[in-house]
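Engineer: Residue numbers (my numbering), protein chains in the order written: chain A, 252 to 393; chain B, 252 to 393; chain C, 252 to 393; chain D, 252 to 393. Heads up, the beta-carbon is just placed ideally off N, CA and C, and yes, glycines get one too.
Protein chains: 4
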Amino acid sequence: MSDAARTSVLPVRVEFGHCDPAGIVWYPNFYEWFDAASHRLAEQAGVGLHALRAQGFLGLPLMQTGSTYHRPTRFGDEVEVHSRVVAFERRSFRVEHRILCGDELRVEGFELRFLGQPHPDDPQRLRAADLPESFRAAFGFA
Amino acid sequence: MSDAARTSVLPVRVEFGHCDPAGIVWYPNFYEWFDAASHRLAEQAGVGLHALRAQGFLGLPLMQTGSTYHRPTRFGDEVEVHSRVVAFERRSFRVEHRILCGDELRVEGFELRFLGQPHPDDPQRLRAADLPESFRAAFGFA
Amino acid sequence: MSDAARTSVLPVRVEFGHCDPAGIVWYPNFYEWFDAASHRLAEQAGVGLHALRAQGFLGLPLMQTGSTYHRPTRFGDEVEVHSRVVAFERRSFRVEHRILCGDELRVEGFELRFLGQPHPDDPQRLRAADLPESFRAAFGFA
Amino acid sequence: MSDAARTSVLPVRVEFGHCDPAGIVWYPNFYEWFDAASHRLAEQAGVGLHALRAQGFLGLPLMQTGSTYHRPTRFGDEVEVHSRVVAFERRSFRVEHRILCGDELRVEGFELRFLGQPHPDDPQRLRAADLPESFRAAFGFA
Chain A
252 MSDAARTSVL
262 PVRVEFGHCD
272 PAGIVWYPNF
282 YEWFDAASHR
292 LAEQAGVGLH
302 ALRAQGFLGL
312 PLMQTGSTYH
322 RPTRFGDEVE
332 VHSRVVAFER
342 RSFRVEHRIL
352 CGDELRVEGF
362 ELRFLGQPHP
372 DDPQRLRAAD
382 LPESFRAAFG
392 FA
Chain B
252 MSDAARTSVL
262 PVRVEFGHCD
272 PAGIVWYPNF
282 YEWFDAASHR
292 LAEQAGVGLH
302 ALRAQGFLGL
312 PLMQTGSTYH
322 RPTRFGDEVE
332 VHSRVVAFER
342 RSFRVEHRIL
352 CGDELRVEGF
362 ELRFLGQPHP
372 DDPQRLRAAD
382 LPESFRAAFG
392 FA
Chain C
252 MSDAARTSVL
262 PVRVEFGHCD
272 PAGIVWYPNF
282 YEWFDAASHR
292 LAEQAGVGLH
302 ALRAQGFLGL
312 PLMQTGSTYH
322 RPTRFGDEVE
332 VHSRVVAFER
342 RSFRVEHRIL
352 CGDELRVEGF
362 ELRFLGQPHP
372 DDPQRLRAAD
382 LPESFRAAFG
392 FA
Chain D
252 MSDAARTSVL
262 PVRVEFGHCD
272 PAGIVWYPNF
282 YEWFDAASHR
292 LAEQAGVGLH
302 ALRAQGFLGL
312 PLMQTGSTYH
322 RPTRFGDEVE
332 VHSRVVAFER
342 RSFRVEHRIL
352 CGDELRVEGF
362 ELRFLGQPHP
372 DDPQRLRAAD
382 LPESFRAAFG
392 FA
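See below:
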């Protein structure tokens, strides 16, 4: 699978309500888009939330997130969130996101996620499952 | 029960991120505060979400909402959301909200809610339950 | 101008993060989409925010909003917000929004907006301008 | 100045609408609270947004943010965001945030911010100002 095939692209039009009194995107919105992009990427790979739940998993919760802001983004900008799984550990995987406006890189970010399963001792708690081969393969990793 | 006893008061400090490029509160935030205020009001009356779920109900979904904006609200304003149940129908009830900054009325709004129960034919759907006497009584209605 | 020509259509994919613990769209999100839809509608009519500001106006603030929820909307639903200006007063206009999933009407709402100009006595305050003929004409009203 | 004196504490009650279909806080909300906490911290130090603007600065934009999620947070939890400036560079400073529920650490995060001034060549752009001594001193740094 090529890198392009593994990448999801989420188009976002920056709305008035995404912007703060300084007239630029209020930064928590970038994370909202990252989350939407990761769900889209998982679905595109055949391991979206509905599929995961049908297998008894609870979803793809977060362990860590972060991002770097290169240039301000404003109302009316048409951006794209390019997202790709870049690494797997035994019980976590890393998604990288790049927000582009045309060719210009505006924001870079990542999410470290795991595959949630109910904790055997307490259904209120979550436990990170060992990532199945099929899950890695869905994102093009051998 | 007096009107004052039936009223919940939710203090909200208006944050930078609540405001839009015009420098005033972006209006969907007012509805976010109404929703929080209604949950607080229900909890204060002993029929909060956890209590309702323990009785097999699904929550307090919305049928209708609305609001009127009297004066702009800005970053740094300290407001209060005053909320009260003002009317019951057989299967719905109406919450009224007033957002005050000091004595000044900024926003008035309402929510028409019902008591959700699983639909007998389809657990994905919601049905409006007849409101039990105990539910009305919790909000001070005979 | 036909009704269809006056209508803007904003497609929205319902994301995981739009939904609440009951698994349905948390209602303030509908107002976020209404606001985005109105900005799109105004832009499509040639009176978007950038154009208005170039004429010395401050934007299209809200006097009143409301909505009615017909059926629940869930993660993964692909909906459309259909928006149209339906009435003008001297200093306000009413936008109506319908959220459809396929042919199914999920939510109906409205926004009553005005054309904001700086208040002559206090630049912090807003005043409702008389709506110019050209503004009405932009939305297909004689 | 002691560490305690330099720390701001923002209490947050976790609302229904902060939570996602998995019943836990949807993570962009943590960043919303970080942002509110940083504004509070700056205000407490006498360099809040209004004070900065009076000096010709544009605010405290972000260069980088990140966070680590230790344990899930749910509707009804009463948490506190403890925030402190931990380091200064010539043109940036780092705020650290810890979200606690009682004694339990739920989330750790940081924001790298700068002091924004208008770019001399283009008022639409932002430039990072050299941080004045008075700004460092406001947060208890010599």
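If we cut at 8 Å on Cβ distances, does residue 397 of chain C have a partner in chain A?
Structural biologist: Residue 397 of chain C lies beyond the range of chain C shown here (252 to 393); nothing can be said about it.
Engineer: For residue 326 of chain C, return the contacting residues in chain D, with the cut-off set at a CB-CB distance below 8 Å.
Structural biologist: If you number the third sequence from 1, residue 326 of chain C lands on position 75. Simply 272.
Engineer: Return the CA-CA distance between residue 373 of chain D and residue 378 of chain B, expressed in angstroms with no decimal places.
Structural biologist: Here residue 373 of chain D refers to the residue found at position 122 when the fourth sequence is read from its first residue. Here residue 378 of chain B refers to the residue found at position 127 when the second sequence is read from its first residue. About 57 Å.
Engineer: Since residue 300 of chain D meets chain B, which of its residues come closer than 9 Å, beta carbon to beta carbon?
Structural biologist: For the purposes of this step, residue 300 of chain D is identified with residue 49 of the fourth sequence, where counting begins at 1. Going along chain B in sequence order, the residues near residue 300 of chain D (Cβ under 9 Å) are 267, 326 and 327.
Engineer: Does the Cβ of residue 307 of chain B have 16 or more other Cβ atoms within 10 Å, making it buried, or fewer, making it exposed?
Structural biologist: The residue labelled residue 307 of chain B in the question sits at position 56 within the second sequence. It is exposed - the Cβ of residue 307 of chain B has fewer than 16 other Cβ atoms within 10 Å.
Engineer: Between which two residues does the alpha helix (DSSP H) containing residue 385 of chain A stretch?
Structural biologist: Against the first sequence, residue 385 of chain A aligns to sequence position 134. Its alpha helix (DSSP H) spans residues 384-389.
Engineer: So, is the C-beta of residue 289 of chain A closer than 8 Å to a C-beta in chain D?
Structural biologist: Taking the first residue of the first sequence as 1, we reach residue 289 of chain A at position 38. Chain D, which has no Cβ nearer than 8 Å to the Cβ of residue 289 of chain A, makes this no.
Engineer: Thinking residue 395 of chain C and residue 330 of chain C are a contact (beta carbons under 8 Å), I'd like their distance in whole angstroms, please.
Structural biologist: Outside the displayed span of chain C (252 to 393) sits residue 395 of chain C, for which this structure offers no information.
Engineer: Along the beta strand (DSSP E) that carries residue 308 of chain D, what are the first and last residues, could you check?
Structural biologist: Against the fourth sequence, residue 308 of chain D aligns to sequence position 57. First-last for residue 308 of chain D: undefined, no H or E at that position.
Engineer: Over what stretch of residues does the beta strand (DSSP E) that includes residue 344 of chain B continue unbroken?
Structural biologist: Here residue 344 of chain B refers to the residue found at position 93 of the second sequence. 344-352 is the extent of the beta strand (DSSP E) around residue 344 of chain B.
Engineer: Using a threshold of 8 Å, state whether the C-beta atoms of residue 279 of chain A and residue 371 of chain D are closer than that.
Structural biologist: For the purposes of this step, residue 279 of chain A is taken as residue 28 along the first sequence, with counting starting at 1. For the purposes of this step, residue 371 of chain D is taken as residue 120 along the fourth sequence, with counting starting at 1. It is not a contact, given that the beta carbons lie outside the stated cut-off.
Engineer: Answer with yes or no whether the minimum CB distance from residue 355 of chain C to chain A is below 8 Å.
Structural biologist: For the purposes of this step, residue 355 of chain C is identified with residue 104 of the third sequence, where counting begins at 1. It does not: the Cβ of residue 355 of chain C has no partner Cβ on chain A nearer than 8 Å.
Engineer: Run through the DSSP bridge pairs and tell me what residue 371 of chain A is partnered with.
Structural biologist: One-based indexing of the first sequence puts residue 371 of chain A at position 120. In the DSSP output, where bridge partners are listed per residue, residue 371 of chain A has none listed.
Engineer: So residue 288 of chain B packs on residue 336 of chain B, CB below 8 Å; how close in whole Å?
Structural biologist: Taking the first residue of the second sequence as 1, we reach residue 288 of chain B at position 37. Taking the first residue of the second sequence as 1, we reach residue 336 of chain B at position 85. Actually they do not touch by this definition, with Cβ atoms about 12 Å apart.
Engineer: Cβ closer than 9 Å: which chain A residues qualify as neighbours of residue 279 of chain B?
Structural biologist: Numbered from its first residue, the second sequence carries residue 279 of chain B at position 28. Those within 9 Å of residue 279 of chain B in chain A are 268.
Engineer: Helix, strand or coil: how does DSSP classify residue 282 of chain B here?
Structural biologist: If you number the second sequence from 1, residue 282 of chain B lands on position 31. Reduced to three states, the DSSP call for residue 282 of chain B is helix.
Engineer: Decide yes or no for the touch test of the stretch 342-361 of chain B against the stretch 265-273 of chain C: beta carbon pairs closer than 8 Å, at least 3 of them.
Structural biologist: No, the stretch 342-361 of chain B is not in contact with the stretch 265-273 of chain C.
Engineer: Name the chain D residues that come within less than 9 Å of residue 323 of chain A, Cβ to Cβ?
Structural biologist: Translated into the one-based positions of the first sequence, residue 323 of chain A becomes position 72. In chain order: 312, 375, 376 and 377.
Engineer: Counting only Cβ pairs nearer than 8 Å, list the residues of chain B close to residue 318 of chain C.
Structural biologist: Residue numbering aside, residue 318 of chain C sits at position 67 when the third sequence is read from its first letter. The contacting residues are 315, 316 and 317.
Engineer: Of all Cβ atoms in chain D, is any one closer than 8 Å to the Cβ of residue 283 of chain B?
Structural biologist: Here the question's residue 283 of chain B lines up with position 32 in the second sequence. Yes, residue 283 of chain B counts as interfacial toward chain D.
Engineer: With H, G and I counted as helix, E and B as strand and the rest as coil, what does DSSP make of residue 268 of chain D?
Structural biologist: For this step, residue 268 of chain D is matched to residue 17 along the fourth sequence. It is helical.
Engineer: So if DSSP puts residue 288 of chain B in a beta bridge, which residue, or which two residues, is it bridged to?
Structural biologist: On the second sequence, residue 288 of chain B is found 37 positions in, with the first residue counted as 1. The partner list for residue 288 of chain B (beta bridge, DSSP) is empty, contrary to what the question assumes.
Engineer: Compare the Cα-Cα distances from residue 314 of chain A to each of D:393, D:314, D:319 and D:312 and report the closest residue.
Structural biologist: The residue given as residue 314 of chain A occupies position 63 in the first sequence. Ranking the options by Cα distance to residue 314 of chain A, first place goes to D:319.
Engineer: How many angstroms separate the CA atom of residue 312 of chain B from the CA atom of residue 261 of chain C?
Structural biologist: As a first step, residue 312 of chain B must be located in the second sequence, where it is residue number 61. As a first step, residue 261 of chain C must be located in the third sequence, where it is residue number 10. Between residue 312 of chain B and residue 261 of chain C, the C-alpha separation is close to 25 Å.
Engineer: At least one CB of chain A closer than 8 Å to the CB of residue 309 of chain D: is that the case?
Structural biologist: Working through the fourth sequence from its first residue, we reach residue 309 of chain D at position 58. Judged by the 8 Å Cβ criterion, residue 309 of chain D is in contact with chain A.
Engineer: Between which two residues does the beta strand (DSSP E) harbouring residue 360 of chain B extend?
Structural biologist: Start at 1 with the first residue of the second sequence, and residue 360 of chain B comes out as number 109. Element bounds for residue 360 of chain B: 355-364.
Engineer: By the 10 Å Cβ neighbour count, where 16 or more other Cβ atoms means buried, how is residue 271 of chain B classified, buried or exposed?
Structural biologist: Your numbering for residue 271 of chain B matches position 20 in the second sequence. Flag for residue 271 of chain B reads buried.
Engineer: Inspect the beta-carbon positions of residue 327 of chain D and residue 321 of chain B and report whether they are closer than 8 Å.
Structural biologist: As a working note, residue 327 of chain D is residue 76 in the fourth sequence. As a working note, residue 321 of chain B is residue 70 in the second sequence. Not in contact: residue 327 of chain D and residue 321 of chain B (Cβ atoms no closer than 8 Å).
Engineer: Measure the alpha-carbon distance for residue 393 of chain A versus residue 297 of chain D and round it to whole angstroms.
Structural biologist: Within the first sequence, residue 393 of chain A is the residue found at index 142, counting from 1. Within the fourth sequence, residue 297 of chain D is the residue found at index 46, counting from 1. Roughly 55 Å between the two C-alpha positions.
Engineer: Keeping to the same chain, check which residues put their C-beta closer than 8 Å to that of residue 274 of chain B; ignore five residues upstream and five downstream.
Structural biologist: In the second sequence, residue 274 of chain B corresponds to position 23, counting from 1. Correct list, in chain order: 325 and 326.
Engineer: Is it buried or exposed, residue 385 of chain A, if we count other Cβ atoms within 10 angstroms and call 16 or more buried?
Structural biologist: Here residue 385 of chain A refers to the residue found at position 134 of the first sequence. By the neighbour-count rule (16 or more Cβ atoms within 10 Å), residue 385 of chain A is not buried but exposed.
Engineer: Nearest-angstrom Cα distance between residue 343 of chain C and residue 355 of chain B?
Structural biologist: Indexing the third sequence from 1 puts residue 343 of chain C at position 92. Indexing the second sequence from 1 puts residue 355 of chain B at position 104. So the two alpha carbons sit approximately 23 Å from each other.
Engineer: Opposite residue 316 of chain C in the DSSP bridges: which residues?
Structural biologist: Within the third sequence, residue 316 of chain C is the residue found at index 65, counting from 1. DSSP output for residue 316 of chain C lists B:318 and C:362 as bridge partner(s).
Engineer: Looking at the structure shown, is residue 331 of chain A part of a helix, part of a strand, or coil, going by DSSP?
Structural biologist: Position 80 of the first sequence, counting from 1, holds the residue named residue 331 of chain A. Three-state DSSP puts residue 331 of chain A in a strand.
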